[in-house]
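Beneath this line is the structure, given in structure tokens, with notes to follow.
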Amino acid sequence: MVKILKVVYLWLIRLFSIMNIWRPKNKVVYVMSFDDNVDFIKQLAQRLPHKYVLYVLYKSNTEAAATDLAAFGITTRPFSDGLKFVFEDISVLMSAKLIICDNYYAFLGGLVKLPTTKIVQIWHADGAIKKFGWEDPTTAMRSNSDKHRFQKVYDHFDEYIVGSKAMGQVFVNSYHEKFDKIKLLGYPRSDQYLDPEWQKKARERIFRSAPELRNHRVILYAPTYREHQNFKLPKGLGSALAADPNALVVIKLHPVLRDREVPMRRIGNPKIKFYHELETSDLLAVADTLVTDYSSVAFDFSLLPNAKSMIFFMFDLDNYQKDPGVQDDFLDWLPVEPVYKVEQLKDQISASPVVNFDQFNEHWNTYNDGHATKRVIDRYVKFLESN
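Residue numbers for the sequence shown follow the numbering used here, so the first one is 16 and each next one is one higher.
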């Protein structure tokens, strides 16, 4: 029944797309499910040729970012899959000369793709440890109709914006696309991590809210979000993270996983902090050590001047390799060997070895040089001006 509803939904999207083909192409639409490209969107709005208007269709989890953009004068509209989206938002998409997406959006599988409209995938991370798309081991177990539907979405993208050949190859493998669709322009959001002014303001924001972090070694634990797994923090994790008596530990779990913090909160260790209101990106700017696993925060942190060490704590690697999967060559390019047991993590926290990120950044942040936003906007403004 669910599959039938999906087919009907995509058919409706196609029907309303056809009904709106005639609309003038005078819009640029950014489809947003992550809030990490707000500055890029603002700069794009300022650079658009006069005949174009920028619309942002946003998922509910990015409402705060959408409010910021609306205050800046950009038209924003919430969306979610359903009849309201078909009736109200397909007309907006069909009036776009340029559509920029930051994620996989199933509705693209039904949208009529016009040769004069360009659809760009800007993604939401500048590197990938985990697998997705065709590389996800669970995809092989999906039905042929599901696989066909996935590929229709992938094929709608004309270009993929990436910060390295490595990330470009991930899309080639994961989406079965040709490398000539890959544009090595850099990941716009990476600019902030290379901007001394942003770094300074991020530190100020953190120390204003959490002054106790100042003048301490800060260890940030930021694991990735597990969508399908029964994620449990391993026993003894809190004491391992707090192994350095001179450090403060900040635990930053995905909002959906916050109930997993309860055991560590019960310990009541004053050296372990929880700041739900603070942005992960800002916390990276004050962290000396990042402890993560398969999260893309590793690619962001490695760009910062305060990044001294990184620990990949992959205690559930065996399960994670099955769903959603880990890049086959990850051991070749991680800046350090991962650890798998709490005891190993404790030893690494205590030793605090300084990590050289040069090769890691050369591999994944090749074109992230602080000027990616300008290159990306230049490319698409030129496209809009030539049509």
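Glycine residues also receive a C-beta, built at the ideal position from the N, C-alpha and C atoms.
What ranges does the alpha helix (DSSP H) occupy inside the segment 226-305, keeping only unbroken runs of at least 4 residues that lie completely in it? Entirely contained in the segment 226-305, the alpha helix (DSSP H) runs reaching 4 residues are, in chain order, 252-256, 277-282 and 295-299.
What three-state label does DSSP hand V22 in the structure shown? helix
Cβ neighbours of K356 in the same chain (closer than 8 Å, five flanking residues each side left out): The residues are F330.
Classification of D333 by the beta-carbon crowding that lies within 10 angstroms, buried from 16 upward: With fewer than 16 other Cβ atoms within 10 Å, it is exposed.
Taking buried to mean at least 16 other C-beta atoms within 10 Å of its own C-beta, is T82 buried or exposed? exposed
Between S224 and S75, what straight-line distance do the alpha-carbon atoms span, to the nearest angstrom? 26 Å
Contact set for F375: own chain, Cβ-Cβ below 6 Å, skip 5 residues either direction: S317 and P350
Terminal residues of the continuous beta strand (DSSP E) containing V135? K133 to Q136
Pair within 9 Å by beta-carbon distance, V44 and L72: yes
Between A258 and the rest of its own chain, which residues show a CB-CB distance below 7 Å, the 5 nearest in sequence each way excluded? K361, I364 and S365
Return the residue from the list L25, M47, F55 and K66 that minimises the CA-CA distance to N402. K66
In angstroms, rounded to a whole number, what distance separates the CA positions of H386 and L209? 9 Å
So what's R92 in DSSP terms, helix, strand or just coil? strand
Cut-off 6 Å between Cβ atoms - residues of its own chain near R204, not counting five sequence neighbours on either side: Around R204: D51 and N52.
Is the distance from the Cβ of K403 to the Cβ of P339 below 9 Å? Given a span of 16 to 402 for the chain in the structure shown, any question on residue 403 remains unanswerable.
So, for D303: in the same chain, excluding its five sequence neighbours on each side, which residues have a beta-carbon less than 6 Å away from its beta-carbon? Within the same chain, D303 has close Cβ partners R232, V233 and K323.
Secondary structure at I36, three-state DSSP: helix, strand or coil? coil
Presumed contact (8 Å Cβ cut-off) between D141 and N383, rounded CB distance: Your pair D141 and N383 checks out as a contact, with CB atoms roughly 6 Å apart and the cut at 8 Å.
With the cut-off set at 9 Å, would you say I137 and D151 are in Cβ contact? no
So, V127 versus L113, is the Cβ gap smaller than 9 Å? no
Close-in-space but distant-in-sequence residues of the same chain around Y119 (CB under 7 Å, 5 per side omitted): V168
Rank L199, P270 and A313 by C-alpha distance to the C-alpha of E174 and give the top, closest one. Considering only alpha carbons, the answer is L199.
Would you say V185 and A155 are within 9 Å of each other, going by their C-beta atoms? no
Measure the C-alpha to C-alpha separation of P238 and G178 and round it to an integer number of angstroms. 22 Å
Under three-state DSSP, which class holds A111? If DSSP states are grouped into helix, strand and coil, A111 belongs with the strands.
Quick one: Cα of A181 to Cα of H378, how far? 7 Å
Quick one: give me the first and last residue of the alpha helix (DSSP H) that S189 is part of. K180 to Y190
Which class does T153 belong to by DSSP, given the choice of helix, strand or coil? Helix at T153.
Under 9 Å, do T91 and F49 count as touching if we go by C-beta distance? No, Cβ-Cβ distance for T91 and F49 is not below 9 Å.
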